[in-house]
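Q: I have a structure I would like to understand better, so I am pasting it below and will then ask my questions one at a time.
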Amino acid sequence: MDTSSQEHEEGWTAAAVNLPTEEAIFDNKTIKDGGKRKMEERTTKDEPQLKRRVSLDSGFYRLQSFSAERKGEREDMQDACTLLDDCTDSITTLPPTVSRIAYFAVFDGHSGARASRHAAQALHGNLFSKFPKTETGHSDKEIKRCLIDTFKLTDEAFLKQASAQKPVWKDGSTAVCVVAVNNVLYIANLGDSKAMLCRFNEQTQKLSLIPLSKEHNPTMYEERMRIQKAGGTVQDGRVQGILEVSRSIGDGRFKHCGVSCVPDIKKCQLTDSDRYLLLACDGLWKGFNAETALQFIQKILQDKTIKSLPGKTLDETRFDLACNKLASEAIRRGSSDNVTVVLVSISKT
1 MDTSSQEHEE GWTAAAVNLP TEEAIFDNKT IKDGGKRKME ERTTKDEPQL
51 KRRVSLDSGF YRLQSFSAER KGEREDMQDA CTLLDDCTDS ITTLPPTVSR
101 IAYFAVFDGH SGARASRHAA QALHGNLFSK FPKTETGHSD KEIKRCLIDT
151 FKLTDEAFLK QASAQKPVWK DGSTAVCVVA VNNVLYIANL GDSKAMLCRF
201 NEQTQKLSLI PLSKEHNPTM YEERMRIQKA GGTVQDGRVQ GILEVSRSIG
251 DGRFKHCGVS CVPDIKKCQL TDSDRYLLLA CDGLWKGFNA ETALQFIQKI
301 LQDKTIKSLP GKTLDETRFD LACNKLASEA IRRGSSDNVT VVLVSISKT
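Residues 1 to 349, numbered by UniProt numbering, are exactly what the sequence shown covers, in order.
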């Protein structure tokens, strides 16, 4: 589908990109695929590593991810997530102005788990291969183009594989990913999985969850118009009366009906007021809204009775516990869907 990238300009904010200088960064990748964890750590025995140096006083924020999954009442787990707290060395041709890259993503599969698993395994690799290489490569325009191309490439590769099967795979997946470039977040999403930022408001002296993603469902005016223009219909709030989301990876049988793989993209500058990121599939939001999720998480993060677990700091223990309890509570509150929750703590280095 030929969807203009100009439709995604709204929601961008001005941001300053920090230019760090010293301190080593490591490579650590986690992929959770249908509830199965895969760990991969590169060493010098595997391949040469390019060590980028970041100064301790550069103002970088440390990003550390935690996740939890629950199958719920579904027969199988169709969610997947990818967590890369620091993947800087995975991109060998980064512009000199970029010294830290991190990547966090949640994929909510439907009609099977193959699209979500494909996205969890392939999207970040496509991002790395397409990441701008010029000295001005961290410019908003170039990173935005990179993200759009990355999603299109990931979608095209899966559709090619799906169409070659007999019978043809019908799988599809939502996607929400956060890419941290130095201290700037770029958020790209398809469908109804969400990303939020917990930020402290100095004026109100309160925490709030700020939406970083835009939901895509067929009842929204712009989405419905695109679907109808392509010859599709919206019945009972679904594309062709079947598909609940209007943008996704996969879903080959609906692509000619106006279902798009072009993500909405937003930008956010990290500040000292930021506490954590929350990424989750719609299974969580069937049991929580932003306010109740915030209250639930904060109660655990502020619980003074919690003791640190072996090998973990107290903060790590609390965030890990918050993730797991939040996912379990969504199921207890009646969410029958798969539930995947990712928390990314934000702290000063």
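Here a beta-carbon is modelled for each residue, glycine too, at the ideal position from N, C-alpha and C.
Quantities reported herein were computed from a predicted structural model and do not represent experimental measurements.
Return the residue from the list L278, Y186, D282, R238 that minimises the CA-CA distance to D337.
A: D282
Q: What is the DSSP secondary structure of residue 353, reduced to helix, strand or coil?
A: In this structure the chain extends from 1 to 349, so residue 353 is not present and cannot be described.
Q: Taking 6 Å as the limit between beta carbons, can you name the residues of its chain near G35, skipping five residues before and five after?
A: Since pLDDT at G35 reaches only 41, below the 50 mark, its modelled position is unreliable, and no value is offered.
Q: From the DSSP output, in three-state form, read off D79 for me.
A: Here D79 sits in strand by DSSP.
Q: Candidates I210, K214, K170: which alpha carbon is nearest S111's?
A: K170
Q: With 16 other CB atoms within 10 Å as the buried threshold, where does N201 fall?
A: exposed
Q: Just to confirm my understanding: we take R226, look at its own chain, exclude 5 residues before and 5 after, and list those with CB closer than 8 Å. What are they?
A: For R226, where only same-chain residues beyond five positions count, the Cβ hits under 8 Å are T3, S246, G258, S260.
Q: To the nearest angstrom, report how far apart E142 and V179 are at their CA atoms.
A: 14 Å
Q: Among T92, T88, A115, L84, whose alpha-carbon lies nearest the alpha-carbon of A105?
A: L84
Q: Can you tell me which of the three DSSP states I300 falls into?
A: helix
Q: Report all residues from its chain with a CB closer than 7 Å to the CB of D315; omit the five preceding and five following residues, and keep chain order.
A: S345
Q: My understanding is that R275 touches C198, with C-beta atoms under 8 Å, so please give their C-beta distance in whole angstroms.
A: 4 Å
Q: In the structure shown, what three-state DSSP assignment does Q100 receive?
A: What sits at residue 100 in the sequence shown is Arg, not Gln. R100: coil per DSSP, three-state reduction.
Q: To the nearest angstrom, report how far apart C146 and D140 are at their CA atoms.
A: 10 Å
Q: Given a cut-off of 7 Å on the beta-carbon distance, is the pair I187 and S213 in contact?
A: yes
Q: To the nearest whole angstrom, what separates the beta carbons of L326 and I306, a pair I think is in contact under 8 Å?
A: Not really, about 15 Å apart at Cβ, beyond 8 Å.
Q: Could you give the distance in angstroms between the alpha-carbon of L279 and the alpha-carbon of S90?
A: If I take the Cα positions, the gap works out to 23 Å.
Q: From V339, H256, G231, T92, pick the residue whose C-alpha is nearest to that of T134; which is it?
A: T92
Q: Beta-carbon separation of L190 and T154 under 7 Å?
A: Against a cut-off of 7 Å, the Cβ pair of T154 and L190 comes out as no contact.
Q: Kindly provide the ranges of any alpha helix (DSSP H) runs that are 4 or more residues long and lie completely inside the region 275-341, ordered along the chain.
A: 282-285, 290-301, 314-332
Q: Hey, quick one: how far does the alpha helix (DSSP H) through C146 stretch, first residue to last?
A: 140-163
Q: Could you compute how far the alpha carbon of C87 sits from the alpha carbon of F319?
A: Just so you know, the alpha carbons of C87 and F319 end up roughly 21 Å apart.
Q: My guess is that F107 and A162 are in contact by the Cβ rule of under 8 Å, so how many angstroms apart are they, rounded?
A: Wrong, their Cβ atoms sit about 15 Å apart, outside the cutoff.
Q: Determine the extent of the beta strand (DSSP E) in which F128 is found, giving its start and end residues.
A: In the DSSP assignment, F128 falls outside any beta strand (DSSP E) and lies within the alpha helix (DSSP H) extending over 114-130.
Q: Could you give the distance in angstroms between the alpha-carbon of Q235 and the alpha-carbon of L284?
A: Whole-angstrom Cα-Cα distance: 25 Å.
Q: Is there at least one non-hydrogen atom of the ligand MG closer than 6 Å to the beta-carbon of K325?
A: The ligand MG is not part of the structure shown, which contains no ligands of any sort.
Q: Count the other CB atoms within 10 Å of the CB of D272; is the residue buried (16 or more) or exposed (fewer)?
A: exposed
Q: Kindly list the residues whose CB is nearer than 6 Å to the CB of T43, restricted to its own chain and excluding five residues on each side of it in sequence; keep chain order.
A: Because T43 sits at a pLDDT of 29, beneath the cut-off of 50, its placement in the model cannot be relied upon, and the following sentence gives the value as read from the coordinates. So no residue of the chain qualifies.
Q: Of the residues I101, A157, E215, L321, which one's Cα is nearest the Cα of K266?
A: E215
Q: Alpha carbon to alpha carbon, what distance is there between L185 and P20?
A: Residue placement at P20 is poorly supported in this model, since its pLDDT is 28, which falls under 50; the coordinates still yield a value, given next. About 16 Å.
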